[in-house]
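Before any comments, here is the structure.
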Amino acid sequence: MDRKLDGWGSGLLGVIIFSGSLPATRVAVGDFSPLFLTSARAAIAALLGAAFLALLRQAKPARKDLGALVMVALGVVIGFPLLTALALQHITSARALVFIGLLPLATALFAVLRGGERPKPAFWPFALLGAMAVAGYALSGGAPAAPTGDLLMVAAILLCGLGYAEGATLSRRLGGWQVISWALLLALPIMAVVALATLPESWGRIGVPAWLGLAYVSIFSMLIGFVFWYRGLALGGIAGVGQLQLLQPFFGLTLAGLLLREPIAWTMVAATGLVVLCVAGAKRYA
Numbered sequence: 004m005d006r007k008l009d010g011w012g013s014g015l016l017g018v019i020i021f022s023g024s025l026p027a028t029r030v031a032v033g034d035f036s037p038l039f040l041t042s043a044r045a046a047i048a049a050l051l052g053a054a055f056l057a058l059l060r061q062a063k064p065a066r067k068d069l070g071a072l073v074m075v076a077l078g079v080v081i082g083f084p085l086l087t088a089l090a091l092q093h094i095t096s097a098r099a100l101v102f103i104g105l106l107p108l109a110t111a112l113f114a115v116l117r118g119g120e121r122p123k124p125a126f127w128p129f130a131l132l133g134a135m136a137v138a139g140y141a142l143s144g145g146a147p148a149a150p151t152g153d154l155l156m157v158a159a160i161l162l163c164g165l166g167y168a169e170g171a172t173l174s175r176r177l178g179g180w181q182v183i184s185w186a187l188l189l190a191l192p193i194m195a196v197v198a199l200a201t202l203p204e205s206w207g208r209i210g211v212p213a214w215l216g217l218a219y220v221s222i223f224s225m226l227i228g229f230v231f232w233y234r235g236l237a238l239g240g241i242a243g244v245g246q247l248q249l250l251q252p253f254f255g256l257t258l259a260g261l262l263l264r265e266p267i268a269w270t271m272v273a274a275t276g277l278v279v280l281c282v283a284g285a286k287r288y289a
């Protein structure tokens, strides 16, 4: 029981760290292009991860683990950040929130398909209701649809859910920070090329807030957050702890309200309350 509670606590800390990504990204894209931001943050995190692996003299992953590490890299290092950045060129962030609400459900499905987990039948109604609560909140804002953006978000959610499940399964053997570090290293050649190809034309016009945003998404969102997140999934269960992601949009919107002075509607508070109940129910039956 202590192990499971430790996993839920670690997973919640990971979600809180991830929640800062939205405000940090909103600030950073004011001066950086989305493509450069996506690739640069992965490259910076990869170099930090490589330093930790070398300093702590971590053994290379076994050959049998390379396939899963590639899936992690494609899912959470390359696929999700890139596809969401491309999708946001066609749809609003409110519309993207509809699909983010489906990510915990996708993670739970891959936990069954790839992680060998078997949640109790009562788990699934809570998971579905939580996803509907997040999607319903986003749709209440009247976010317009766009086929291209919607398809990109569907692909992003599927890749991310797969990356979460594969990474959590590997973390049981390799450790959470080792998994994300090796996955970042696998993606580094591609991310470095993209970053160099999309360098800003003028560094002088980039302000301090943009640099701070890039630092946050590179160090916390791309590396430290995954250390706690994968540890939480590995200890507490992928399907159950994955439901904590339902809280991420609301944490992010709250941070945006506090830091960026964006309005916080009463509907967000109501939806958050419903989501908390769904997460509690999912935790009981996971």
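Taken in order, the sequence shown gives residues 4 to 289; the numbers are from the working numbering. Positions of the beta carbon are idealized from the N, C-alpha and C atoms, including for glycine.
Sequence-distant partners of A111 (beyond 5 residues in either direction) whose C-beta falls short of 6 Å from its own C-beta, in its chain, are A130, A242, G245. Per DSSP, reduced to three states, the secondary structure at W206 is coil, with no helix or strand assignment. In this structure, G133 and L249 form a Cβ contact; the two beta carbons are roughly 5 Å apart against a cut-off of 8 Å. The Cβ-Cβ distance between L155 and A90 falls below 9 Å. Under the 10 Å beta carbon count, P107 is surrounded by 16 or more other beta carbons and is classified as buried.
For A27, the closest alpha carbon among the candidates V211, P64, C281 is that of V211.
Residue ranges of uninterrupted alpha helix (DSSP H) with 4 or more members, entirely inside the region 68-131 and ordered along the chain, are 69-75, 83-90, 96-103, 106-116. Exposure of E204 is indicated by the presence of fewer than 16 other C-beta atoms within 10 angstroms of its C-beta.
The DSSP-derived three-state label of T172 is helix. Just measuring C-alpha positions, the residue of L188, A49, F83 sitting nearest L165 is F83. Between the alpha carbons of L217 and G23 lies a distance of about 12 Å.
Nearest to L188 by C-alpha distance, out of L247, G284, I47, G178, is I47.
DSSP places G228 within a helical segment (H, G or I) once states are collapsed to three. Beyond the five residues adjoining it in sequence on each side, V30 comes within less than 8 Å, by CB distance, of P212, A213, L215, G216, L263 in the same chain, given in chain order. By the neighbour-count criterion, in which a residue is buried when 16 or more other Cβ atoms sit within 10 angstroms of its Cβ, W206 is exposed.
Going by DSSP, L199 is part of the alpha helix (DSSP H) stretching over 179-200.
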